[in-house]
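Visitor:
Residue numbers (the working numbering): 5 to 141.
1. Could you tell me which of 102, 33, 28, 14 sits nearest to residue 67, measuring between CA atoms?
2. Compare the C-alpha of residue 17 against each of 118, 81, 44, 48 and name the closest.
3. Would you mind reading off the limits of the alpha helix (DSSP H) that contains residue 104?
4. Does the segment 113-133 come within contact of the segment 63-80, defined as at least 3 CB pairs closer than 8 Å?
5. Put residue 61 into one of helix, strand or coil per three-state DSSP.
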């Protein structure tokens, strides 16, 4: 059972995700509906409604930190692809994304950084030469 506060967090999270990724997140909700609908809610409420909505860091910085964390994990290619795109949506440059990934070679290892660079290359190619307008806070 959810209360009004949870519904506010969900709505805030869905709005923040849409601003960051340009997508509603409904595909995530639908994909998890048959197996773990509560998990999808947690992603929106906690991840985007609470953490990504906090003051203190702008979205560009948050997204570069997220890219770094995903590179360090070394096993989150799908999420890395989404968040590299989101970093670009939030005003990070391709150079900043590449430098963030290269920095992780020191901490996550060269194989993790190399894999992430190939993900970045794929994201950049899919976007062509058009850089999206940064997302406003």
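Note that the Cβ used here is the ideal one computed from N, Cα and C, for glycine as well.
Guide: Let me spell this out:
1. Here residue 67 refers to the residue found at position 63 of the chain shown. For residue 67, the nearest C-alpha among the options comes from 102.
2. Your numbering for residue 17 matches position 13 in the chain shown. For residue 17, the nearest C-alpha among the options comes from 48.
3. What you label residue 104 is simply residue 100 of the chain shown in a count that begins at 1. 98-112 is the extent of the alpha helix (DSSP H) around residue 104.
4. yes
5. Taking the first residue of the chain shown as position 1, residue 61 is located at position 57. It is coil, neither helix nor strand.
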